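Take a look at the structure below.
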Amino acid sequence: MSGSEYRDVVRLENIQMHYGNVQALSDINFAVGRNEIVGLIGDNGAGKSTLIKIMTGVERPTAGNLYIRDKKVDWEGYSVGRAHELRFETVYQEKSLGEKQPLWRNFFVGRQITNRLGFIKVKQQKQIANDVLLNQIGFRGAGIDADSPVAQLSGGERQGVAIGRAMHFDSDLIVLDEPTVALAITEVRKVLDFVRGIKESGRACVYIEHNLAHVHELADRLVVLDRGRVVREIHKGEMSLAELTSALIDLQHAKVETAEAGS
Amino acid sequence: MSGSEYRDVVRLENIQMHYGNVQALSDINFAVGRNEIVGLIGDNGAGKSTLIKIMTGVERPTAGNLYIRDKKVDWEGYSVGRAHELRFETVYQEKSLGEKQPLWRNFFVGRQITNRLGFIKVKQQKQIANDVLLNQIGFRGAGIDADSPVAQLSGGERQGVAIGRAMHFDSDLIVLDEPTVALAITEVRKVLDFVRGIKESGRACVYIEHNLAHVHELADRLVVLDRGRVVREIHKGEMSLAELTSALIDLQHAKVETAEAGS
Amino acid sequence: QSSDKPLGDGMVMYMQMGGNAGDGATLARTTGARDAAKAFGLQLIEQYSAWQPETMLNHFREGMAASPACIGIMGHPGSDAFADLVDEAREAGIVVTSGNAPLTELYNKHQAGGFGYAGVDLFTGGYITGKSMADQGLQKGDKALVYGLLSEAERGQSTLGLKTALEEAGVTVDYLEISPEVNSDSSLVVPILAAYLANNPDVKAIGTQHGGVTAFIPKALEDSGKKPGDVVVGGIDLAPATIDGLEEGWISTVLDQQLYLQGFLPVTQCVLSAKYGFTGLFTNTGSGTVTPKTIGALVPLIEKGIR
Amino acid sequence: MVLAPNVFLGYRIYMSFLITVPPILLLALGLTLVIAAGEIDLSFPSVIAFSGFLFAYLFKTYELTWLALLAALAGGALIGFVNGILVAGIGVPSIIATLAMQFFWGGITTVLSGGLSYNIRAVKETALWEVFVGRIGVLPVQSLWVLALAIFLWFLLNRHRFGEHLLFIGDSAKVARVVGIPVNRERIKLFTLMGVLAAFAAVLLTLENKNFFNTQGQGFLLIALAAVFIGGTSIFGGQGSIVGSFFGAFIIVMIEAGLVASGIQGFWVRAVVGLVFIGAVIFHLLVENPGRLAALRRLLRRDG
Amino acid sequence: MVLAPNVFLGYRIYMSFLITVPPILLLALGLTLVIAAGEIDLSFPSVIAFSGFLFAYLFKTYELTWLALLAALAGGALIGFVNGILVAGIGVPSIIATLAMQFFWGGITTVLSGGLSYNIRAVKETALWEVFVGRIGVLPVQSLWVLALAIFLWFLLNRHRFGEHLLFIGDSAKVARVVGIPVNRERIKLFTLMGVLAAFAAVLLTLENKNFFNTQGQGFLLIALAAVFIGGTSIFGGQGSIVGSFFGAFIIVMIEAGLVASGIQGFWVRAVVGLVFIGAVIFHLLVENPGRLAALRRLLRRDG
Ligand SMILES: Nc1ncnc2c1ncn2[C@@H]1O[C@H](COP(=O)(O)OP(=O)(O)OP(=O)(O)O)[C@@H](O)[C@H]1O
Ligand SMILES: Nc1ncnc2c1ncn2[C@@H]1O[C@H](COP(=O)(O)OP(=O)(O)OP(=O)(O)O)[C@@H](O)[C@H]1O
Ligand SMILES: [Mg+2]
Ligand SMILES: [Mg+2]
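Taken in order, these protein sequences are the chains called D, B, Y, P and Z. Sequential numbering from 333 applies to the first sequence in our numbering. Sequential numbering from 333 applies to the second sequence in our numbering. Sequential numbering from 98 applies to the third sequence in our numbering. Sequential numbering from 196 applies to the fourth sequence in our numbering. Sequential numbering from 196 applies to the fifth sequence in our numbering.
This is the structure:
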């Protein structure tokens, strides 16, 4: 599938998103190339999560078009399940684990390993889940295994499971909405290594993060959202971390001033 | 109340915590002085959140004692409400906002401004809530005011509200469990300033954070938890940030090795 | 052959009582059965089915499993539903007898084995009520409301009898079905009847064979601004409120099923047939109506749950 | 209503509603609070029977009036308190606990009353009767009582600390604990209040009927719940509409009466009640969120 | 059971349970899935009536047997599908939608059947009868059918993709959407399945009784729900115990039969059923979590 010819893994065109009266996104154009890591940054409430939710089939925009591998996709047929089939993988900011369900179910839900009748191969799933938990994520916590329900996990452990899941299903586009939140230092490093690995293996990634040091280092291109609009694009090497930081802070000050002037 | 004589705002003695078979905390001793900022660090699942939940009345430990302002407190009578009365304020890692409720209710719930019959002074509450939202937290998001329900907020906005609430009720002890998670740069700065302000106004704070740069700078004393035990205490100036970081990473390696040796 | 021991000593009888323990159409039956059980010294096991026919069938199966001397059944599920079960019970030597709604086919087949009946013929009961209403001054062409439960095949027979009698008298009949909520809690009938009365101010008579509904008709009439006697009311069973209604003249006539007998007689039948092999008796427990004139004497008994 | 204009133009039918609705409304108001707190109470039909029995028995046997009222309310409070202990103290989900208690107290009532109904006609001569179910002109007094209570409960839910606590508990009991609400004590209070309201409904009903029926209350189960849901209170908790339940109670009582008055044939009434019921709720939903219809259309093709 | 040893030592009473329990068990099994998915279905009593009517009518009028069975199942599927559309498509909470549909289909059944019951004794001569409710020796065949279905549904819930989807939907519909489960389509399937199971229960009941009763099914509402809850399935969704419901259905049927057989006076039965019910659930809870009692003690002093 990844062998076929296309330029952008995903492209959003003129996206609008209203929640009732709140306009979360206005006229967004956003594309992710084949082997590109795009950092999405911006203030709280800028619309970052909304944008990726639209991109991955959780929400439907009020207007706009979606192209996947340069082909237009009908919103009607688009959903998280469909995105999975199209080899998009996402770690959402909101909780995405079933609290009462054991880890082995959470790991594979929506993409179970089944026989032809749809019955789940439990043993196999547990084995893989345990393997990922111990070796890839590297849990050493007391008594956590594939059978533990999510409700027993600490905040960081949950985040770890969600990311481990995304790591496992090795996809063409990986979307990460603040993945390092709640993680301890070594785990943060693992995530950063993982993102580097995406790039190396020729795949693409959208990476949302408030820690500018991380995005600045990793991203090929930074897209800055502000109050529902793309206000800036910055290519790798265009700015130093310090310049980037002050540019963003300036942006916010400007915002406050226009808001005050407007009122 | 803060005028009376005491040494530690809060002291936990020989705390044990079991969740079923999982031992989350074993024999913890932990104290916070009158005007001290204690940084609590450690791996995911180390037991940090559990410890502060016990300290602030959410959970009851399996064994151990609690002293507040040097007086022993009976667990039976201890609860989050009681902790509020004792002027403890907490920002929890888990969600602590009622999704369907407007912000003005979330702001004051548990500590409503009422008349003598218990009826809420809605106008006054809304005014204060709006003030805190706009001026203290500094929300500029589209259409967010005291009447918006929490369900409409972005991840960072929620975190902002929880912290704004803690900032407002100016307490003797403020407990922050990963408060900067999900916040944008300027907001992070505000939180850090807030913590500094706690110190300056002579109050105490327990600060949990995976970002070592932040805790290293702010804390008077760092307490390192590992698998439910206090493994290290580090006083301000004892280590540089780099030393601290490598010390923690060493700790984790040691852990992996003992675990492997043990199995 | 007689001894010191009572006649039914050592016998067990499973008996279906009808609705719910203590409801108006059930209580006097329970009282009668208990009195008879005490008198004959047999052990009575009461089964309440909330008037659900399928529950009655299940109760029969459970009763049969205990191999009692007799089983008393309600007629509601019908002869066909009970046929195989009763055959089976007879083979096992259990005496079966029936009440409240007749099972003619089974009666004919098993009478010799002690299958009796104690109750009114439901259709006839309704018919008598209707006749009695017509006799209280209804004219040809008058309009009457029949409020009943035609959706329940057996209980519906009494409604049908009522309707038939009124129609034979030349009265125009409107029919309304009792909803399950009203069926279980009759106070809900008041606004429904009030609405009907407001829309049909010319209605001359209201008839029902539902005990609970009967008790609330006076209230509905009062709330609709009627006076006692404006509307001819025919009902069934002597609930305390119904007695009031009779005494105050709101209710014109009430069928008295003599439910107590429907409890007492099946127990008697059981003992006699099980002990001495008597054949089944077909007893009509009620062919009379109570009117404002005749109510006075009954009140003390009614308050004890006997009449 | 449109189909039977002459009925709904007269005042009498409304007066009859003002007699029938109050007990149901009381139940619906109490249930609104319970459901807003994310709980449910199925035991109230038995409170109607039990408290009604206490009242009628004490009146008939000892000629108590105000004390009988107090005893009835205390009986309701007791049942509610037991529910609260089961739910909050022991942790039995409320739907199960209150269902079991409905059986239990219903059975106890039958045992205590010996299955008998009581006629308490003499109550009409008491001051109690005048105060609670008398008439001012043609207006039944009980309608004023429930109106006052509805207003009070509106303030309790929307403006009082207790109501706010209920809303948060219904939103998420976990969050409620964390913000310092004494979750379990509030739950016990809530069920007790519900018990008292149901007991008051029982007294109104018994007074108005001047009779205690052994089976009274059983028909109210679905009707009172339906009133709450028609009124727009969500089963998911965290939100409750006192005003909605107020109108819901009238609507649910008027539906069947309205259909009957419109001359719809006997057997059809129930099917039409079902249709009107679902229609009202869907109308509600579509008004609140017009996007639903589009969503429905989409669904039938491929799911989101 | 202890109180009436002679009854419960004989095998006959158990054979009688093997006739009584199957329809209730089918309903309880279906409800287990529904409740595990965080929904509820209150419409099944009307499916018992509606599908029973279809079956009896087609058999009586056209002498259809297997086709009548198919029609009955299709009728149940239709009702379930409509429920699903209301809940998943339009977004009506299931408790309201299915309650309204209970009214509606119950009413429709009365209208269609003209309020009549049907006697279909001739069905005893058909192969259909032998296959579904015949006897192997003394063993009622329907007990084998429901046993097989219980095993199948256990695998469906615990080992099949569909069951896992239901568990996640019940856990949190939001999470379920985000992990790529077609939430609404699965809900529609679920309600349809429940409708088919209830229809099968209707056929078993109608065949066994050789009669269709217009009001059949109404008594099953509380019993089937109680079986599920006694079995330990949580009302909060995300978890369901097929095995628990299996035993729950037997327990609930046996409680009443046992009490009746033990000679407890009729009036007491209801109260004792309530006590046994709550006792069983509390026992469950305490075994699972012995800390509860301490919590209760604490509560009565000061709340956590
Ligand atoms: N309710 C619970 N039931 C069972 N185990 C639990 C429960 N809550 C926490 N634990 C376990 O206790 C341990 C400590 O959890 P805690 O939340 O205190 O960790 P933490 O130090 O805050 O981690 P993080 O940095 O990831 O937030 C973890 O291993 C967790 O799995
Ligand atoms: N369901 C909703 N209803 C109404 N408004 C919403 C909803 N979801 C998001 N919003 C609003 O849309 C805006 C954008 O939200 P979004 O979650 O995309 O922000 P974000 O950039 O991800 O912020 P953060 O960094 O805090 O996560 C916010 O102002 C938020 O209040
Ligand atoms: Mg976000
Ligand atoms: Mg934590």
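By construction, the Cβ of each residue, glycine as well, lies at the ideal position given by its N, Cα and C atoms. Remember, it's a predicted structure, so these values are computed and weren't measured experimentally.
Tell me where the beta strand (DSSP E) around residue i begins and ends.
{"i": "valine 410 of chain Z", "result": "With the sequence shown as reference, residue 410 of chain Z is identified as threonine, and valine is not the correct amino acid for it. Counting along the chain, threonine 410 of chain Z falls outside any beta strand (DSSP E), and DSSP gives it neither H nor E."}
{"i": "glutamine 434 of chain Z", "result": "Neither: glutamine 434 of chain Z is in no beta strand (DSSP E) and is coded neither H nor E."}
Taking the alpha carbon of residue i as the reference point, which residue from the options has its own alpha carbon closest?
{"i": "alanine 345 of chain P", "options": "P/Val438, P/Phe478 and P/Ile285", "result": "P/Val438"}
{"i": "valine 336 of chain P", "options": "P/Asp236, P/Ile235 and P/Glu403", "result": "P/Glu403"}
{"i": "glutamate 421 of chain D", "options": "D/Lys403, D/Val538, D/Val354 and D/Thr577", "result": "D/Val538"}
{"i": "arginine 497 of chain B", "options": "B/Leu429, B/Pro393 and B/Asn353", "result": "B/Leu429"}
{"i": "arginine 401 of chain B", "options": "B/Leu357, B/Val342, B/Thr388 and B/Gly488", "result": "B/Val342"}
{"i": "glutamate 265 of chain Y", "options": "Y/Asp299, Y/Ser281, Y/Leu285 and Y/Asp239", "result": "Y/Asp239"}
{"i": "leucine 544 of chain D", "options": "D/Thr512, D/Ser358, D/Ala415 and D/Leu505", "result": "D/Thr512"}
{"i": "alanine 444 of chain Z", "options": "Z/Gly427, Z/Phe298 and Z/Leu388", "result": "Z/Gly427"}
{"i": "alanine 343 of chain Z", "options": "Z/Ala456, Z/Gly247 and Z/Leu392", "result": "Z/Leu392"}
{"i": "isoleucine 225 of chain Y", "options": "Y/Leu343, Y/Phe179, Y/Gly304 and Y/Ser195", "result": "Y/Gly304"}
{"i": "leucine 273 of chain Y", "options": "P/Ile208, P/Leu268 and P/Trp463", "result": "P/Trp463"}
Since residue i sits in a beta bridge, which residues does DSSP pair it with?
{"i": "lysine 301 of chain Y", "result": "Partner(s): none; lysine 301 of chain Y has no beta bridge."}
{"i": "glycine 115 of chain Y", "result": "Y/Tyr145"}
{"i": "glutamate 188 of chain Y", "result": "Paired residue(s): none; glutamate 188 of chain Y is not in a bridge."}
{"i": "leucine 505 of chain B", "result": "B/Phe420 and B/Ala536"}
{"i": "serine 195 of chain Y", "result": "Y/Ile170 and Y/Tyr214"}
{"i": "leucine 557 of chain D", "result": "D/Gly374 and D/Val562"}
Starting from residue i, trace the alpha helix (DSSP H) in both directions and tell me its first and last residue.
{"i": "serine 308 of chain Z", "result": "289-308"}
{"i": "alanine 232 of chain Z", "result": "Alanine 232 of chain Z -> no alpha helix (DSSP H), and no H or E assigned at all."}
{"i": "arginine 354 of chain Z", "result": "336-354"}
{"i": "serine 370 of chain Y", "result": "356-373"}
{"i": "isoleucine 403 of chain Y", "result": "Segment: none, isoleucine 403 of chain Y is in no alpha helix (DSSP H) and carries neither H nor E."}
Are there any heavy atoms of ligand 2 lying less than 7 Å away from the beta-carbon of residue i, as far as the coordinates show?
{"i": "alanine 514 of chain D", "result": "no"}
{"i": "glycine 389 of chain D", "result": "no"}
{"i": "isoleucine 476 of chain B", "result": "yes"}
{"i": "valine 441 of chain D", "result": "no"}
What do you reckon, is the C-beta of residue i under 7 Å from a heavy atom of ligand 3?
{"i": "aspartate 375 of chain B", "result": "no"}
{"i": "glycine 487 of chain B", "result": "yes"}
{"i": "lysine 380 of chain D", "result": "yes"}
With a threshold of 7 Å, establish whether the CB of residue i neighbours any heavy atom of ligand 4.
{"i": "glutamine 425 of chain B", "result": "yes"}
{"i": "aspartate 509 of chain B", "result": "yes"}
Does the distance between the C-beta of residue i and the nearest non-hydrogen atom of ligand 1 fall short of 7 Å?
{"i": "glutamine 484 of chain D", "result": "yes"}
{"i": "tyrosine 539 of chain B", "result": "no"}
{"i": "tyrosine 145 of chain Y", "result": "no"}
Chain Y contacts made by the region 211-224 of chain Z, where a contact means CB separation under 9 Å = Listed by position, the residues of the region 211-224 of chain Z near chain Y (Cβ gap below 9 Å) are Ser211, Phe212, Ile214, Thr215 and Pro218.
message = Output needed in chain order: residues of the region 233-265 of chain Z with a Cβ under 7 Å from some Cβ in chain Y.
response = Per Cβ criterion, the list is empty.
task = Using a Cβ-Cβ cut-off of less than 7 Å, give me the residues of the region 369-385 of chain D that come near chain Z, in sequence order.
result = Answer set for the region 369-385 of chain D: empty.
key: Proximal residues, the region 461-475 of chain P versus chain Z, C-beta separation under 8 Å   = Within the region 461-475 of chain P, Phe462, Trp463, Val464, Arg465, Ala466, Val467, Val468, Gly469, Leu470, Phe472 and Ile473 place their CB atoms closer than 8 Å to a CB of chain Z, listed in sequence order.
task = Return the residues of the region 515-526 of chain B that lie within a Cβ-Cβ distance of less than 8 Å from chain D, sorted by chain order.
result = Correct list: Leu515, Ala516, Ile517, Thr518, Glu519 and Val520.
task = Closer than 8 Å, Cβ to Cβ, to anything on chain B: give me those residues from the region 349-362 of chain P, in chain order.
result = For the region 349-362 of chain P, the beta-carbon criterion of a distance under 8 Å to any beta-carbon of chain B is satisfied by Phe350, Arg354, His355, Arg356, Phe357, Glu359, His360 and Leu362.
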